[in-house]
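Protein chains in written order, with this note's numbering: chain Y, 1 to 116; chain Z, 1 to 111. Don't be surprised by glycine CBs; every beta carbon is placed ideally from N, CA and C. Because the structure is a prediction, the values reported are computed rather than measured. Read the structure below first, then the notes.
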């Protein structure tokens, strides 16, 4: 059981380049999230999705776009990368339904992105 | 103001010590509360949920004070393996159960 898988695990981009981070989960979870983690800042929510075809903004959405065309996949796009987007990106998923408030979030192993 | 705030630490304690972390949240729509643990360069993993009546899991005790809007985590008889960053997590009932993480508290347990 793979759980949550993020690709790629590492990437170096030049300023202005674009890229897409892929998050895939095989647990049939409704909710999916993208976070970035920077030293001293903890995990900050970028965008999230409560189901296939839906997305919503989190705390720090600027410079990022997302899509959830399939329930199992949540894509995070950077259209024009900037050095300020150098970070570790984590994807997470949670189950919905009864008890959704208390369900555990499962994380991918993270993507280390450097923008030079 | 951040929605979830934690003392960043670090807390440096000897093995066997008792250590407590606090976390405050600002949104009264906060519905559910958790503590996650994150090891260096790894993903966060669930440590325990936090229930209104308080709950215990072995050496770990979690408390919730809704009136004062804070959560606590107590670790008794600290082990070297407890060294990690502890993240306070709040789920908001905003129609999508948005999950918000605190910045984390670093704990170092030394022999």
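Short check: CB of residue 23 of chain Y to CB of residue 108 of chain Y, under 7 Å?
-> Here residue 23 of chain Y refers to the residue found at position 23 of the first chain. Here residue 108 of chain Y refers to the residue found at position 108 of the first chain. For residue 23 of chain Y and residue 108 of chain Y, yes; Cβs fall inside 7 Å.
What whole-angstrom Cβ distance do residue 33 of chain Y and residue 95 of chain Y have, given they're in contact under 8 Å?
-> Sequence index remark: in the first chain, residue 33 of chain Y carries index 33 (1-based). Sequence index remark: in the first chain, residue 95 of chain Y carries index 95 (1-based). Cβ atoms of residue 33 of chain Y and residue 95 of chain Y stay farther apart than 8 Å, at about 13 Å.
First through last residue of the beta strand (DSSP E) which encompasses residue 18 of chain Y = By 1-based counting over the first chain, the position of residue 18 of chain Y is 18. According to the DSSP assignment, residue 18 of chain Y belongs to no beta strand (DSSP E), since it is labelled neither H nor E.
Run the CB neighbour count on residue 42 of chain Z, radius 10 Å, all protein chains shown included, and call it buried at 16 or more, exposed below.
-> Taking the second chain and counting its residues from 1, one reaches residue 42 of chain Z at position 42. Residue 42 of chain Z should be labelled exposed.
Beta-ladder partner(s) of residue 47 of chain Y, from DSSP = Position 47 of the first chain, counting from 1, holds the residue named residue 47 of chain Y. For residue 47 of chain Y, which the question treats as bridged, DSSP gives the partners Y:34 and Y:57.
Cβ atoms of residue 104 of chain Z and residue 4 of chain Z: under 7 Å apart, would you say?
-> Position 4 of the second chain, counting from 1, holds the residue named residue 4 of chain Z. Position 104 of the second chain, counting from 1, holds the residue named residue 104 of chain Z. Taking 7 Å as the Cβ cut-off, residue 4 of chain Z and residue 104 of chain Z do not qualify as a contacting pair.
Straight-line Cα distance separating residue 30 of chain Z from residue 55 of chain Y = Reading the first chain from its first residue, position 55 is the one you call residue 55 of chain Y. Reading the second chain from its first residue, position 30 is the one you call residue 30 of chain Z. It is roughly 20 Å from the alpha-carbon of residue 55 of chain Y to the alpha-carbon of residue 30 of chain Z.
Which residue's Cα is closest to the Cα of residue 64 of chain Z: Z:51, Z:74 and Z:57?
-> The residue labelled residue 64 of chain Z in the question sits at position 64 within the second chain. For the residues Z:51, Z:74 and Z:57, the minimum Cα distance to residue 64 of chain Z belongs to Z:51.
DSSP three-state assignment for residue 31 of chain Z, whether helix, strand or coil | Along the second chain, one-based indexing puts residue 31 of chain Z at 31. Strand, per DSSP.
At a Cβ threshold of 7 Å, is residue 41 of chain Y touching chain Z?
-> Position 41 of the first chain, counted from the first residue, corresponds to residue 41 of chain Y. By this cut-off, residue 41 of chain Y is an interface position.
Can you tell me which of the three DSSP states residue 57 of chain Z falls into?
-> Against the second chain, residue 57 of chain Z aligns to sequence position 57. In this structure, residue 57 of chain Z counts as strand in the three-state DSSP scheme.
Measure the alpha-carbon distance for residue 13 of chain Y versus residue 27 of chain Z and round it to whole angstroms.
-> Here residue 13 of chain Y refers to the residue found at position 13 of the first chain. Here residue 27 of chain Z refers to the residue found at position 27 of the second chain. The alpha-carbon atoms of residue 13 of chain Y and residue 27 of chain Z are separated by roughly 37 Å.
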